[in-house]
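Protein chains in written order, with the numbering used here: chain W, 3 to 114; chain B, 627 to 742. Working notes, beginning with the structure itself.
Given below as structure tokens:
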């Protein structure tokens, strides 16, 4: 089955800096890669996703890149703000019907 | 448009009791997924259901766990004879009708199960 590795497990940055979180996946059949943000005690919230026919996608301060050959994808957050502090999860879908395999998460802490 | 609803939000059960977790998908969504999240870990897929059908239960333990999504009413995740290792947050997610390939999933607030 699919296996998703996520790094780093924790990331501390100063407000205004950029943050990058990286994930690798094992199943070359995976074709959908969402990113979720989870605040403490809250539900995971979809923040951006990318499909395998696209190499990069941006939404304001958030961007995701995908390298299918290397089987890795990354989340980029620019101009970080304290409210960006949360746990971020990457995921991959090899099933074709959205049964997601998640990474173990990255705790992002943005200090004012 | 109400989001995905789950109840109860918190559930305490003693070892050996049964736990029933409910999930109502977003309006217009006909696909439900259940995930389990252990403390400080990612979410693990358990089961994927459509109305009256289990599509993929490859992530669900073979014993004590079952799931259903009846024609009317919420999806139910049932855990019989709970053990301490079942303590976790259980999230359900829903997505709209599938077209070609995967679609976005939206998560409910979760049920935090504690087994004492």
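All C-beta atoms in this analysis are idealised placements derived from N, C-alpha and C, irrespective of residue type, glycine included.
N- and C-terminal bounds of the beta strand (DSSP E) containing residue i
| i | result |
| --- | --- |
| residue 5(W) | First-last for residue 5(W): undefined, no H or E at that position. |
| residue 636(B) | 636-639 |
| residue 13(W) | 12-16 |
| residue 682(B) | 679-682 |
| residue 36(W) | 34-40 |
| residue 671(B) | 669-676 |
| residue 68(W) | 64-69 |
Member of the options whose CA lies at the smallest distance from the CA of residue i
| i | options | result |
| --- | --- | --- |
| residue 685(B) | 103(W), 6(W), 109(W) | 103(W) |
| residue 6(W) | 113(W), 108(W), 43(W) | 108(W) |
| residue 643(B) | 707(B), 711(B), 736(B) | 707(B) |
| residue 57(W) | 99(W), 63(W), 73(W) | 73(W) |
| residue 8(W) | 668(B), 633(B), 653(B), 628(B) | 668(B) |
| residue 13(W) | 96(W), 78(W), 98(W), 100(W) | 78(W) |
| residue 27(W) | 45(W), 68(W), 80(W) | 68(W) |
| residue 715(B) | 636(B), 731(B), 730(B) | 636(B) |
Neighbourhood of residue i by C-beta, 7 angstroms cutoff - its chain only, sequence neighbours within 5 removed
| i | result |
| --- | --- |
| residue 677(B) | 656, 695, 697 |
| residue 638(B) | 740, 742 |
Close Cβ partners of residue i (< 8 angstroms) along its chain, the five nearest in sequence each way excluded
| i | result |
| --- | --- |
| residue 701(B) | 648, 649, 650, 651, 658, 660, 675, 693, 694, 695, 718 |
Neighbourhood of residue i by C-beta, 6 angstroms cutoff - its chain only, sequence neighbours within 5 removed
| i | result |
| --- | --- |
| residue 19(W) | 82 |
| residue 106(W) | 8 |
Item to complete: Could you run through the region 658-670 of chain B and flag, in chain order, every residue whose CB is less than 9 angstroms away from some CB of chain W?
Response: Listed by position along the chain: 659, 661, 663, 666, 667, 668, 669, 670.
Discussion item. Beta carbons nearer than 8 angstroms to chain B: which residues of the region 26-54 of chain W have them?
Written reply: Hits within the stretch, in order: 33, 34, 36, 38, 44, 45, 46, 47, 48, 51, 53.
Discussion item. Which residues of the region 94-112 of chain W have a Cβ closer than 8 angstroms to any Cβ of chain B? Give them in chain order.
Written reply: Identification of residues in the region 94-112 of chain W having a C-beta nearer than 8 angstroms to some C-beta of chain B yields 95, 97, 98, 99, 100, 101, 102, 103, 104, 105, 106, 107, given in sequence order.
Practice prompt. Answer yes if the region 28-44 of chain W comes into contact with the region 83-91 of chain W, meaning at least three C-beta pairs across the two stretches below 8 angstroms, and no otherwise.
Written response: Note that the region 83-91 of chain W touches the region 28-44 of chain W; at least 3 beta-carbon pairs, one per stretch, sit closer than 8 angstroms.
Discussion item. Which residues of the region 70-91 of chain W have a Cβ closer than 7 angstroms to any Cβ of chain B? Give them in chain order.
Written reply: The residues in question are 91.
Practice prompt. Could you please tell me which residues of the region 705-718 of chain B, in chain order, have their CB closer than 8 angstroms to any CB of chain W?
Written response: Correct list: 717.
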